[in-house]
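Just so you know, we're using the UniProt record's numbering here: the sequence shown kicks off at 1 and counts up by one. We put the beta carbon where it would ideally sit given N, CA and C, even for glycine. The structure presented is a predicted model; accordingly, all values stated were derived computationally and were not measured.
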Amino acid sequence: MRTWSTADDLLQDCLVALYRHWRKASAAESVDAYVRSMLVHAFLAERTRQRAVLVLRYWEDLDVEQTAAALGCSAGTVKSQCWLRRWLLGRRP
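Shown next as structure tokens:
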């Protein structure tokens with residue numbers, strides 16, 4: 001289960017990317033398909049970042065600040081990604 005704030009962040013990222021690449025998107029055969037593809041790539045990138053947070057925190061034993069510096073994000077992002085990923089892992093059957 002994804003959180004609404006994560007979904008909102010993904011959508012905002014896609015809208016910014018769509019604006020930056022509008023010439024290419026508008027030239028595509030289907031703008032809808034182009035945007036769907038962007039959303040899928042953003043979703044996969046988000047999952048990759050969540051995995052990276054867990055690996056750095058628990059495998060490499062970095063603290064929150066070190067993990068944030070390694071990934072170029074805030075300490076709050078590291079904390080929320082850790083919580084979300086651990087929660088998702090705990091819900092699996």
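Restricting to Cα atoms, I'd like to know which of the options is closest to residue i.
i, options, result
"K24", "M38, D13, R85 and L11", "M38"
With distances taken between CB atoms, is the gap from residue i to residue j smaller than 8 Å?
i, j, result
"V53", "Q81", "yes"
"Y19", "A28", "no"
"L56", "T67", "yes"
"C14", "A45", "no"
"Q50", "L71", "no"
For residue i, which three-state DSSP category applies?
i, result
"D61", "coil"
"K79", "helix"
"residue 95", "Nothing about residue 95 can be read from this structure; the chain reaches only from 1 to 93."
Residues in its own chain within less than 6 Å of residue i by CB, not counting five upstream and five downstream?
i, result
"V31", "A25"
Considering only residues of the same chain and omitting the five flanking positions on each side of residue i, which have a CB-CB separation below 7 Å?
i, result
"P93", "Its pLDDT being 49, under 50, P93 is placed unreliably by the model, and the measurement read from it follows with that caveat. So no residue of the chain qualifies."
"A75", "V64, E65 and A68"
Residues in the same chain with beta-carbon distance under 8 Å from residue i, minus the five sequence neighbours each way, listed in chain order, please.
i, result
"D61", "none"
"V16", "none"
Quick check on residue i: buried or exposed, where buried means 16 or more other Cβ atoms within 10 Å of its Cβ?
i, result
"V78", "buried"
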